Structures are given as structure tokens and as C-alpha cells.
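Here is the structure we will look at, set down as C-alpha cells.
As C-alpha cells, then:
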């Protein structure tokens, strides 16, 4: 198994600093995107802690298979699902601890989306409204479900396109790292095929670029770095209202 990865983050056209962070860890077949929140640069701190802690947990558990984990394993999940969920829970605990011990970081948090490849399986873990998409044979599909107030409304009752457009709390997320001492982590699994591409992104991309536009870029551009760049450019051309981060991972089963 081999994973090809690329990633770009951009401050966008309206913000003066970037609170997004991303991680490319091909030696662990792991990548992630985190979109921080909290203002006064604390969102940037939260997203940095998230990617650093997740990366370090994977490195540590690779070096020492007998290492003690900070959380009990969930018996309903296999080893790899537990490994990913535990890394994310550890990141949550570290962010919550920092926010609780320093008043200038009070209220900081971050979303996180991750893809981890193991044993011919792709594990997708996430908290918040950053997204993972899956591109196969010219078709794009969203894997994650936004943990947002808007999505809760959409599930509870049907909203018209106009009501969705004018929804007053589009940016309110109902689950994030750092908000509480513990966090519920969603983990999904897929069976990837040769040349499948996974897109991880902050809402600075998904909120500005339509799914058909994303699909079109991935369909015409096989070079991952170039495709990332084109997607970032589309988000900024549409207004670039937020920081925008794009990570692409291509699966090779050889």
C-alpha cells in the first residue's frame, strides 16, 4: 500500500491570519485538516495542537505497540478505528487543558477531519464541519456529515434553498475539539480502490466551491499539488471569505 499526498493552506481574501492547520504523514498513511476558532490567534493554537498531538500519537504507537493509550478502547471498534479515535480524543483533551489553564485561550477550539489508511481500508474520523470527500471514477461523494446547527436543522425539517441561503447561524458548529473535556468522534470506513482520491478540507473551501466544481477539478487534474492549488484559487475567486485548506490523498494498493 502506498499513499500519495499533497496539501495547501491559504489565509483567504478577508482574514488577516490563518487559523487552519493540516498534517501530511505519509509514513503513517495519515493526513488531516483542522480549522481553529476562538479569535486572537487562539484558533490557530488549537488547530496546531490538534495536528501535532494526532501526529505524535501515531508516531508513538508505531514505535511502541505496547504503549499505554490515554483512553480505553471501544469494544465496538477495531484496532485501527480505536487508534484514530483515540488520537483525536487526545488532541481534544490537550486543547481543553490549555484553554482551561490560560484565560487568553478560553473558548478556543477546532474542527478536525482525518483519513488513515490501514489493511486495505480507509478510516475517516471527524469532529466539526470540516469535510472529507471521496473521488472515484469521475464522481465525487461527501463522506462526513457536518456537525453544524444548519445540518441539524436540515435533518429535523426540510428547508427551502432560500431558507438555507438566509440561515442566520451557518457558522455555528455543535461539536468541536476543546469545547468539553470529552468528545464524540465519528469514524467511518471505506474500501478504497486503486487511484481513489480523498479530499480533506476546511469550510473555507466547501463553503465557497460547489461539489460539481470540485468534481470537475479532480476529474481533469491528476497531479495532486496542482489540483489543490486550483481548488484554493476557486475558493479565493469566489470571495475567499475564510481561511481555506485543501489536502488530497491518492490510494495505491501496490
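Numbering (full-length UniProt numbering), first residue to last: 1 to 254. Heads up, the beta-carbon is just placed ideally off N, CA and C, and yes, glycines get one too. Because the structure is a prediction, the values reported are computed rather than measured.
{"Check": "For residue 222, the nearest candidate out of 16, 38, 210 and 249 (CA to CA)", "Outcome": "249"}
{"Check": "DSSP state of residue 1 mapped onto helix, strand, coil", "Outcome": "coil"}
{"Check": "Alpha carbon of residue 204 to alpha carbon of residue 140, nearest angstrom", "Outcome": "18 Å"}
{"Check": "Cutoff 8 Å: residue 30 Cβ touching any chain D Cβ", "Outcome": "In summary, chain D is missing from the structure at hand, where a single protein chain is found."}
{"Check": "Proximity winner among 54, 244 and 253, relative to residue 15 (alpha-carbon distances)", "Outcome": "244"}
{"Check": "Collapsed DSSP secondary structure at residue 174 in the structure displayed", "Outcome": "coil"}
{"Check": "Bounding residues of the alpha helix (DSSP H) (the contiguous stretch that carries residue 79)", "Outcome": "79-101"}
{"Check": "Residue from 8, 34 and 179 whose Cα sits closest to the Cα of residue 99", "Outcome": "179"}
{"Check": "Local conformation of residue 190 per DSSP, three classes", "Outcome": "strand"}
{"Check": "Residue nearest to residue 52 in terms of C-alpha spacing, selected from 196, 246, 22 and 132", "Outcome": "22"}
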